[in-house]
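J.: If you want the numbering used here, it's the position in the sequence shown, counting the first as 1, plus 44.
Quick one: this structure, given as structure tokens, is what I'll be asking you about.
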Amino acid sequence: GKKVSRAAMLKFLKGKIAKWWMPDDVIFIDEIPHTATGKISKLTLREQLKDYKLPTA
């Protein structure tokens with residue numbers, strides 16, 4: 045597949061979704077964690093990203 049940059053993803057979303065839905069940042073992960081019932085595991089994602097800092101301009 046193709047590689048997509050963070051900037052390209054944010055540019056793509058701009059104008060397609062409401063301003064208040066625009067993410068502050070975009071990160072790419074290899075796999076989205078799921079619970080035993082198949083839902084996205086937000087708890088696991090939060091744990092994996094707990095030390096993540098937004099890039100400074």
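We put the CB at the ideal spot given by N, CA and C, even for glycine.
1) Could you check the C-alpha separation between Y96 and I84 for me, to the nearest Å?
2) Which one of D74, Q92, M53 has the shortest CA to CA distance from D68?
3) Is any heavy atom in the ligand ATP found nearer than 7 Å to the beta carbon of A51?
4) For R50, I'd like the list of residues in its chain whose CB is within less than 6 Å of its CB, leaving aside the five on either flank, ordered along the chain.
5) What's the C-alpha gap between V48 and K55?
6) Expressed to the nearest angstrom, what Euclidean distance is found between the alpha-carbon atoms of G45 and W64?
T.: In this structure, then:
1) Separation of Y96 and I84 (C-alpha to C-alpha, rounded to the nearest whole angstrom) is 19 Å.
2) In terms of Cα proximity to D68, the closest of D74, Q92, M53 is M53.
3) Among the components of this structure there are no ligands whatsoever, and the ligand ATP is therefore not found.
4) V70
5) 11 Å
6) 30 Å
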